[in-house]
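Below is one structure; the comments refer to it alone.
2 protein chains.
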Amino acid sequence: MAENHHEYPRMLGALLRIPFQAIVTKIEAGLRARGYTDLRPAHFVVFQHIRPEGSRITELAERAQMTKQSMSELVHYVEAKGYLEREPDPRDHRASIVRLSMKGEAVNNAAREIIRQVEEEWSNQIGREQMNALKQGLMAIIRVIEVENSNQ
Amino acid sequence: MAENHHEYPRMLGALLRIPFQAIVTKIEAGLRARGYTDLRPAHFVVFQHIRPEGSRITELAERAQMTKQSMSELVHYVEAKGYLEREPDPRDHRASIVRLSMKGEAVNNAAREIIRQVEEEWSNQIGREQMNALKQGLMAIIRVIEVENSNQ
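Have a look at this one:
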């Protein structure tokens, strides 16, 4: 936290967060250009964390590191705009499962296309070699994280 | 979005998001170990985006890519726990400015220490050379983003 003070060298948290947030901003602009004008960055966490077979809201909140109340509000909005379908949770009749609708899947495919374009643009700027080194480094860290998580 | 399906190569968005979220999880555990047991990852965005001289809630919401309502709820919680001070905005008497309290600054310093430890641990795992290449790549992308933003 407080990694955002430019007078100091940025810490690893901010070095990861700033490019990630820039991608999110570009996804919003790209979706808007494709006619999806009712989605804000706040809503993207629903799409990022929902599983193809559907997810419970408590699970989405946990994966997105948000409170259940905040996630519930986001899910209600995204559902009302037609991007989600909801059905009862067969394992718990008080809970429900949400999954992407056809419209939600179309947004997801558009977002993937936008991310590919951003990577291409950045790769042109910093060079293919540095982009590959960056991705290799990120994948190496993700492998470390996965081993840590599997040991818990 | 939907970058989280392991059967496909992960896209750049997920490659950045997964390590960032892991850092956030480690900050939460480290703060809890230091006695700050009332802060969840959802609250960290307040600390990440607040300026030393104080910030308005609308500005915090924009910088964190959240709705004003969600940010307002987070700020109220963090303030109630003693991490923030609030004063009237001299430029707009209907608005207020929040800034970190002494307790909030202590949390920030603890978070910086935790991030340094995480970087050290990951660096030991993937090697100093790959960590440096990763940070150079992230800094190169951040420079591209800053040029893009200054041209808008």
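Chains as they are written, first to last, in the working numbering: chain A, 1 to 152; chain B, 153 to 304. Beta carbons: idealized from backbone N, C-alpha and C, even for Gly.
One thing to note: S207/B has its Cβ within 8 Å of the Cβ of I249/B.
Taking C-beta atoms under 8 Å as the contact rule, A194/B and Q21/A fail to qualify, at a distance of about 16 Å. For I23/A, there is no enclosing beta strand (DSSP E); the residue is part of the alpha helix (DSSP H) that begins and ends at L12 to A33. The beta carbon of N108/A is closer than 7 Å to those of F47 and L100 in its chain, skipping five residues each way along the sequence. Taking the CA atoms as reference points, L134/A sits about 20 Å from E113/A. Spatial neighbours of R186/B in its own chain (CB-CB distance under 6 Å, excluding positions within 5 residues in sequence) are listed in chain order as A262.
In this chain, the alpha helix (DSSP H) harbouring P41/A covers P41 to H49. DSSP, reduced to helix, strand and coil, places R112/A within a helical segment of the structure shown. If you draw a 10 Å sphere on the C-beta of S150/A, you find fewer than 16 other C-beta atoms in it, and that means exposed. Along the stretch 123-143 of chain A, the positions whose C-beta sits under 8 Å from a C-beta of chain B are Q125, I126, Q130, M131, A133, L134, K135, Q136, G137, L138, M139, A140, I141 and I142, read in chain order.
Counted as a single uninterrupted DSSP element, the alpha helix (DSSP H) harbouring R128/A occupies residues R128 to S150. Within the same chain, I249 come within 6 Å of E239/B by CB-CB distance, once the 5 residues on both sides are set aside. Residue burial annotation: R169/B is buried, with at least 16 other C-beta atoms found within 10 angstroms of its C-beta.
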